[in-house]
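Straight run, no breaks: the sequence shown in our numbering ends on number 572. The C-beta atom is built at its ideal place from N, Cα and C for all residues, glycine as well. No experiment lies behind these values; they were computed from the predicted model shown. Down below is the structure, laid out as structure tokens.
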Amino acid sequence: MVLHWLIAIVMIGMITLGIYIGENKAFSLMPLHKSIGILIFVFVVWRLILRLTQGFPKPLGNPPALQHLVAMIVHWILLLGTVLFPLSGMVMSAMGGRGLAMFGIQLVASNIVDGKPVALNESLAGLAHTIHTSIVPVMIAAIVLHILGALYHHFIVKDDTVKRMTGRV
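Here you go:
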């Protein structure tokens, strides 16, 4: 449960920060964005392993088949998105010649020629960039659906789904 909330809060913050950086050309915040992305990736991999070995929590009660299907699709989108966001960001940065640093500690050296980054693998960096930017609206939609689903369970179905999500059941 703590892992769920840690990743949820960080991912929402990172999406917000990434959009802010892009819209405001606030590139001085990029090292922070990258550092948090690298760090959260460790927790995301841990969560992925838990989900693959333990599965998703079983629904409370007996929801209609379509509702259960939508919930599973949203859960899978969120899980895959939380993996793809930091992974694509790291690949984009490293293969784009910008290196990889976490809070000032260089993990992958930059490839700088004449003061500018030179891609190590332009195709891979481009693919990673496309993935990193394309999943933003998908993740926002999945997060909104996930929150709406929780509210639906709490206020309409009146089951213990939200209590389970907050560790009170």
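Enclosing beta strand (DSSP E) for residue i [first to last residue]
i	result
Ala-504	503-505
Val-511	508-511
Residue i versus residue j - alpha carbon distance
i	j	result
Ser-537	Thr-569	30 angstroms
Ile-418	Ile-410	12 angstroms
Ile-476	Ala-553	15 angstroms
Pro-466	Leu-420	36 angstroms
Leu-490	Ala-531	8 angstroms
Ser-513	Lys-561	53 angstroms
Pro-434	Leu-551	33 angstroms
Lys-428	Ile-422	10 angstroms
Pro-520	Ile-508	18 angstroms
Ala-544	Ser-526	28 angstroms
Asp-517	His-436	25 angstroms
Buried or exposed (CB count within 10 angstroms, at least 16 for buried), residue i
i	result
Val-405	exposed
Ser-496	buried
Arg-501	buried
Phe-488	buried
Ile-443	buried
Tyr-413	The question names Tyr, but residue 413 is Val in the sequence shown. Val-413 is buried by the Cβ-count criterion.
Val-494	buried
Thr-564	buried
Residue i vs residue j beta-carbon contact at 8 angstroms
i	j	result
Leu-503	Ile-441	yes
Pro-462	His-471	yes
Met-542	Gly-492	no
Ala-528	Met-498	yes
Phe-506	Ser-438	yes
His-549	Leu-481	yes
Val-486	Val-447	yes
Ile-546	Ile-415	yes
Three-state secondary structure (DSSP) of residue i
i	result
Pro-460	coil
Pro-467	coil
Lys-561	coil
Lys-428	coil
Limits of the unbroken alpha helix (DSSP H) element including residue i
i	result
Asn-514	Counting along the chain, Asn-514 falls outside any alpha helix (DSSP H), and DSSP gives it neither H nor E.
Leu-551	525-555
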